[in-house]
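First comes the structure, then the notes that go with it.
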Amino acid sequence: MAVGREVVVVGAGIVGISLAHALATRDIGVTVLDRDAQEPRGSTAYAPGFVGLYNDVPVLTRLGRESAAIYNAADGGFRRSGGLELATSDAGVAEVERRVEAARAAGLRAELLTAADIPSSVAAFVDTGLVLTAGHFVDDGSADVRALTRVLRRRRSLAARGCCVIAKSRVSISEDRVRSW
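So the sequence shown is numbered by full-length UniProt numbering: it starts at 1 and just counts up by one.
This is the structure:
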């Protein structure tokens, strides 16, 4: 099958289909190849669904932000629940404080919490007596990755922008060429 496209994405899981969406919205021709048109298989099928926005590597912080924006706009499968990092040692306190400050410097909402501020839902399974401080990353979220992937795969905007998803594909890559059959 010969398909002329600017970009070929192998895999229509949460990362592949989100990448295709981001490229298509920039008017870049995308073909997505996947072995299954229905349920995500691969790593998406087993992903826990936590979406943390801050990373020490700036490009990964940008990826986290843009991913959360795409998931949030998908109208289903994503909830900004916030994320917590708990410190139980002096070294852990220093690291959590550093990460909260770095997240703020990157323009993200983050704050330090005391053990008393930890939500009761967390205190139900964590011994808060051991917690010295916690970092609360407000805009982090959780995704039902299977549901979210299905929603993103069905988006009409992808097809309208020329994104083509080809299911039941086998792929071979050699010498900068992608072949699908």
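Backbone N, C-alpha and C fix where the C-beta goes; we use that ideal spot for every residue, glycine too.
Residue j beta carbon less than 7 Å from that of residue i
i      : j      : result
ALA22  : THR61  : no
ALA91  : THR133 : no
THR180 : LEU33  : The sequence shown places Ser at residue 180, not Thr. Yes.
PHE78  : GLY141 : yes
THR149 : ILE28  : no
TYR71  : ALA103 : no
ALA47  : VAL145 : yes
VAL8   : THR31  : yes
Delimiting residues of the alpha helix (DSSP H) encompassing residue i
i      : result
VAL131 : That residue, VAL131, is in no alpha helix (DSSP H); it is neither H nor E in DSSP.
GLU111 : No alpha helix (DSSP H) contains GLU111, which is instead part of the beta strand (DSSP E) from 110-113.
Supposed contact pair residue j and residue i - C-beta distance, whole angstroms, cut 8 Å
i      : j      : result
VAL151 : ALA74  : 5 Å
LEU84  : VAL122 : 6 Å
GLY64  : GLY52  : 6 Å
VAL126 : ALA110 : That pair is no contact at about 19 Å.
Range covered by the beta strand (DSSP E) that runs through residue i
i           : result
GLU85       : 83-87
VAL15       : Here VAL15 belongs to no beta strand (DSSP E); instead the alpha helix (DSSP H) covers 14-24.
LEU53       : That residue, LEU53, is in no beta strand (DSSP E); it is neither H nor E in DSSP.
residue 182 : For residue 182 there is no data in the structure shown, the boundaries of the chain being 1 and 181.
VAL171      : 171-174
ARG177      : 177-180
THR61       : Not the beta strand (DSSP E): THR61 falls in the alpha helix (DSSP H), residues 58-73.
Residue environment, residue i, which counts as buried when at least 16 other CB atoms sit within 10 Å
i      : result
SER67  : buried
VAL57  : exposed
LEU108 : buried
MET1   : Residue placement at MET1 cannot be trusted, given a pLDDT of 40 that sits under 50; what the coordinates show is reported in the next sentence. MET1 is exposed by the Cβ-count criterion.
GLY129 : exposed
SER89  : exposed
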